[in-house]
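These notes concern the structure reproduced below.
Chains as they are written, first to last, in my numbering: chain P, 14 to 197; chain E, 115 to 271.
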C-alpha cells in the first residue's frame, strides 16, 4: 500500500469512496492524514508508546477491512477514532491493565521519537498538564484531548466516546475544571 | 466589544490552534485581556496543546506496511480452492454464504456506526468525582454545565 502523498487535499469522504472503489492508494492518504490523531488518542488511553503504535496499526487495519460498512452517517475521522478507542480498550483488557487513580503512579506522557531539541523546548508546565490529564476519568480525558489536540467538535467527541453531544460538552468542562484544580 | 466567557471558553481550542477568523480571534483576545479566569483557562489550553504527543517518525509508513502485509498474508492463507471448499461445506450444512468484497477482511463488530455505546462499559462512574452523564437528559446536562460555569468563570463578559 502506498500513499499519493500529503499534497492530496481531497475530502475524507471522497477518499473513502475511492477506497471502496478499489483505490488502495487513497487509503494511504487517509493514513497520512489521520495517523497522528489516532496515535495520540491511543496514547492517551494506554499511556505506552509501543502499545499506542500497535493500536494505531490495528485500528487502521480494521478500518480498512470494514470500510464497506462505513455508511457515512458520521465523519470518517469520528468513525476511525471510535475504532481506535475500542482497540485501545481491548488492548487494556487483554493486558489486564487498568489505570491507577494516583498521581504517584502516572508518568508524564511524552513521545520517545521527539528530538532532544523538541523535548528541551517543551515546557515543564506542559509536562505537568499532560500528567494531570492522565488522572482524569476516561471520558473526561478523551473529551479534553480530542477537543484540544484534534479539534473535534462536541458532536464528534460524543460519537467517539459513545455519549450525547451534551454529555461530551459536560465531560470536557468537568475535565478542564479538574485539570485547573490539579495544576493550581 | 469582547466575547463572553462562555463563547471564549468554548472557542479556546480553535483559538489556540489558530483556526479562528481574525475578527473572531480579536474578540477572544480582547476578552482574555480583561478576564483573569478565562485567561487562566487559556493558559491551560495552551500548555496542553503545546505538550501534545508527536507520533514516532515512520509510523504512517509502518501502518501502510502493516495493512499490506496482513492483507497479503490473509490472501495467501486462504487460496481460492479453500474458499470453494468452504462454500461447498456451507451449502451442505445449509448455511447461507454471503459474498464479501475482501474475503480476508475481519470486520469488527464495533466498526459500525451504531451501537458503539455498548463498547463503552466505562468505569468512570467508579472514579470519585466522575459523574455518570449518559443517563441524563439534555436539560439535566445543561443544568450541570451551568453549575460548572461559575466555578471557572466570572470575568467580564
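Backbone N, C-alpha and C fix where the C-beta goes; we use that ideal spot for every residue, glycine too.
Every value quoted in this text rests on a predicted model; they were computed, and no experiment measured them.
What do you get for residue 84/E, buried or exposed, if any count of 16 or more other CB atoms within 10 angstroms of its CB means buried?
For chain E, the structure presents residues 115 to 271; residue 84/E sits outside this window and is missing.
Starting from the C-beta of residue 53/P, find all residues in its chain whose C-beta is less than 6 Å away, skip the five residues before and the five after it, and write them out in chain order.
Excluding sequence neighbours, residue 53/P sits near 162.
Take the Cβ of residue 257/E as the centre, count every other Cβ of all protein chains shown within 10 Å, and call the residue buried at 16 or more, exposed below.
Exposed: under 16 other Cβ atoms inside 10 Å.
Distance, Cα to Cα, residue 171/E vs residue 254/E?
Their backbone Cα atoms lie some 45 Å apart in a straight line.
For residue 104/P and residue 75/P, I'd like the C-alpha separation in whole angstroms.
Those two C-alpha atoms are separated by around 14 Å.
Spatial neighbours of residue 48/P within its chain, please: C-beta separation below 8 Å, excluding the five flanking residues on both sides.
69 and 73.
How would you label residue 137/E, buried or exposed, when you count the other beta carbons within 10 angstroms and need 16 or more for buried?
Looking at its Cβ environment, which holds fewer than 16 other Cβ atoms inside 10 Å, residue 137/E is exposed.
Starting from residue 58/P, trace the alpha helix (DSSP H) in both directions and tell me its first and last residue.
Element bounds for residue 58/P: 37-59.
Taking only the alpha-carbon atoms, compute the straight-line gap between residue 190/P and residue 31/P and give it to the nearest angstrom.
Residue 190/P and residue 31/P: Cα-Cα distance of roughly 43 Å.
Among 107/P, 188/P, 79/P and 64/P, which one has its Cα closest to the Cα of residue 149/P?
Of the candidates 107/P, 188/P, 79/P and 64/P, the one whose C-alpha sits nearest the C-alpha of residue 149/P is 188/P.
Is there a Cβ of chain P sitting closer than 8 Å to that of residue 176/E, yes or no?
Answer yes: the Cβ-Cβ gap between residue 176/E and chain P drops below 8 Å somewhere.
Of the residues 143/E, 134/E, 129/E and 185/E, which one's Cα is nearest the Cα of residue 115/E?
The shortest Cα separation from residue 115/E among 143/E, 134/E, 129/E and 185/E belongs to 143/E.
Along the chain, where does the alpha helix (DSSP H) that runs through residue 127/E open and close?
Its alpha helix (DSSP H) spans residues 119-130.
CB-CB under 6 Å to residue 174/P, same chain, minus the five flanking residues each way: which ones, in chain order?
The answer, listed in chain order, is 152 and 155.
Looking at chain E, is there any beta carbon in it that lies within less than 8 Å of the beta carbon of residue 193/P?
Yes, its Cβ sits closer than 8 Å to a Cβ of chain E.
At the 8 Å Cβ level, is residue 73/P part of the contact set with chain E, yes or no?
Yes, residue 73/P lies at the interface with chain E (some Cβ there is under 8 Å from its Cβ).
Is there a C-beta anywhere in chain P that falls below 8 Å from the one on residue 181/E?
Yes, contact with chain P.
What do you reckon, are the CB atoms on residue 183/P and residue 259/E nearer than 8 Å?
It is a contact, given that the beta carbons lie within the stated cut-off.
Report buried or exposed for residue 261/E, applying the criterion of at least 16 other Cβ atoms within 10 angstroms of its Cβ.
So residue 261/E counts as exposed.
Less than 8 Å between CB atoms is the rule here; does residue 138/P satisfy it with respect to chain E?
With 8 Å as the cut-off, residue 138/P counts as an interface residue toward chain E.
Taking only beta carbons into account, state which residues of the stretch 141-154 of chain E come closer than 8 Å to chain P, listed in chain order.
Listed by position, the residues of the stretch 141-154 of chain E near chain P (Cβ gap below 8 Å) are 154.
Taking C-beta pairs closer than 8 Å, name the residues in chain P that residue 252/E reaches, listed in chain order.
Within chain P, the residues near residue 252/E are 177 and 179.
Looking at C-alpha atoms only, which residue of 86/P, 170/P and 159/P is the closest neighbour of residue 26/P?
For residue 26/P, the nearest C-alpha among the options comes from 86/P.
From the beta carbon of residue 59/P, is the nearest beta carbon of chain E less than 8 Å away?
Judged by the 8 Å Cβ criterion, residue 59/P is not in contact with chain E.
Taking just the CA atoms, how far does residue 58/P sit from residue 221/E?
For residue 221/E, the predicted model reports a pLDDT of 43, less than 50, meaning its position is unreliable and no value from the coordinates is stated.
Is it right to say residue 107/P is buried, meaning 16 or more other beta carbons lie within 10 angstroms of its own, or is it exposed?
Residue 107/P comes out exposed.
May I have the straight-line CA-CA distance separating residue 123/E from residue 51/P, to the nearest angstrom?
Rounded to the nearest angstrom, the two C-alpha atoms are 25 Å apart.
Is residue 258/E helix, strand or coil when you go by DSSP?
Helix.
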